[in-house]
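Numbering follows the working numbering, with no gaps: position 15 of the sequence shown is 18.
Here a beta-carbon is modelled for each residue, glycine too, at the ideal position from N, C-alpha and C.
No experiment lies behind these values; they were computed from the predicted model shown.
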Amino acid sequence: MKTSISQSQRYAIVTETWRPQVNGVANTLGRLCDGLLERGNQLQLVRPAQTGE
């Protein structure tokens, strides 16, 4: 049975690595977050501060 969710979902993503780092985790989470946002979902990202922030 396939169901359709018409309202957006809220997600929290917690990670130790994020862009601009280049590794499998950062790349995969980046694609996941991009896809969730494209579908109208809301995200809260918890990550380490980057240099210069």
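Under the three-state reduction of DSSP, which class applies to R22: helix, strand or coil?
In this structure, R22 counts as coil in the three-state DSSP scheme.
Roughly how many angstroms separate the alpha carbons of Q12 and A52, rounded to a whole number?
One C-alpha to the other measures close to 26 Å.
In this structure, how does DSSP classify A15 when only helix, strand and coil are distinguished?
In the structure shown, A15 sits in a strand (DSSP, three-state: E or B).
Closer than 6 Å by C-beta to W21: which residues in its own chain qualify, once you throw out the five before and the five after it? Chain order, please.
Excluding positions up to five away in sequence, the list reads A29 and R50.
Taking the CB atoms as reference points, tell me whether I16 and L46 lie closer together than 8 Å.
For I16 and L46, yes; Cβs fall inside 8 Å.
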